[in-house]
Amino acid sequence: MVASTFSGLVIGFLGVNWMLGIAIAMTLLAIIHLAILTSLEPDIIRTQSATNSIDISGTIRAIRLVPGLFALIFFNTFNNLLRGVFMSLMDAYGLSLVSVQVWGVLWGGLSLCKAQVAFSILTSLTVLSIGITSSAVAETLTVNRGSNVAAHLR
Numbered sequence: 015m016v017a018s019t020f021s022g023l024v025i026g027f028l029g030v031n032w033m034l035g036i037a038i039a040m041t042l043l044a045i046i047h048l049a050i051l052t053s054l055e056p057d058i059i060r061t062q063s064a065t066n067s068i069d070i071s072g073t074i075r076a077i078r079l080v081p082g083l084f085a086l087i088f089f090n091t092f093n094n095l096l097r098g099v100f101m102s103l104m105d106a107y108g109l110s111l112v113s114v115q116v117w118g119v120l121w122g123g124l125s126l127c128k129a130q131v132a133f134s135i136l137t138s139l140t141v142l143s144i145g146i147t148s149s150a151v152a153e154t155l156t157v158n159r160g161s162n163v164a165a166h167l168r
């Protein structure tokens with residue numbers, strides 16, 4: 015929500031080159047910050063069976079051990095894909111109607127006003143406090159249903 019607001023304002027008032035410069039500068043600051051962090055672990059612990067391959071089947075087995083985690087990952091991935099496609103189609107249309115500044119502030123304001131943001135935060139806090147239960151998908155869908163009902167009641 016903050017990124018869409020500031021990027022819309024910076025691109026609208028200063029231009030794309032300034033936005034690119036600010037993004038590169040912030041990325042370099044983050045890399046420098048990560049480089050100066052120290053680890054509390056004195057030695058790096060390595061296993062004897064270190065391999066250079068990725069264990070896909072082992073990862074899937076580990077995900078299946080947690081009830082509902084595979085469905086949670088699948089639905090989250092699908093939701094992000096749909097949102098990305100929707101926004102890429104929506105940006106071209108919206109920017110043909112209003113200026114870049116208005117478009118950025120509009121989406122920043124809309125993401126603050128949505129009841130679903132509050133329910134997403136609530137769902138995350140619930141999962142953090144009680145963990146992923148055997149009915150995690152049902153709980154998530156219930157909270158999403160509640161957020162949709164609350165959004166339509168306004």
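Be aware that the sequence shown starts at 15, since it is given in my numbering, and climbs by one per residue.
Ideal placement from N, C-alpha and C gives every residue a C-beta, glycine not left out.
Note that this is a predicted model, so its numbers are computed, not measured.
*If we ignore side chains and look at the alpha-carbon of each, how far apart do glycine 35 and glycine 22 end up?*
15 Å
_Whole-angstrom distance between threonine 52 and isoleucine 58, CA atom to CA atom_ = 13 Å
*Helix, strand or coil at serine 125 according to DSSP, with G and I counted as helix*: helix
*From which residue to which residue does the alpha helix (DSSP H) around leucine 103 run?*
83 to 111
_Cβ separation of arginine 78 and phenylalanine 84, assumed to be a contact under 8 Å, to the nearest whole Å_ = 6 Å
_valine 114 (DSSP reduced to helix, strand or coil)_ = helix
*asked:* Between the alpha carbons of isoleucine 108 and serine 67, how many angstroms are there, rounded?
replied: Reading the sequence as shown, one finds glycine at residue 108 and not isoleucine. Roughly 45 Å separates the two Cα atoms.
*Sorted by chain position, which residues of the same chain lie with C-beta nearer than 7 Å to tryptophan 32's C-beta, five sequence neighbours on each side aside?*
Val24
*Return the first residue and the last residue of the alpha helix (DSSP H) that threonine 247 is part of.*
Missing from the structure shown is residue 247; the chain here goes from 15 to 168 and no further.
_Contact defined as beta carbons within less than 8 Å: I believe glycine 26 pairs with serine 113. What is the distance between those atoms, to the nearest angstrom?_
6 Å
*Can you grab the Cα-Cα spacing for the pair isoleucine 50 / alanine 39, in whole Å?*
17 Å
*Since serine 71 is in the alpha helix (DSSP H), which residue starts that stretch and which ends it?*
70 to 79
*Quick one: is glycine 72 buried, meaning 16 or more other Cβ sit within 10 Å of its Cβ, or exposed?*
exposed
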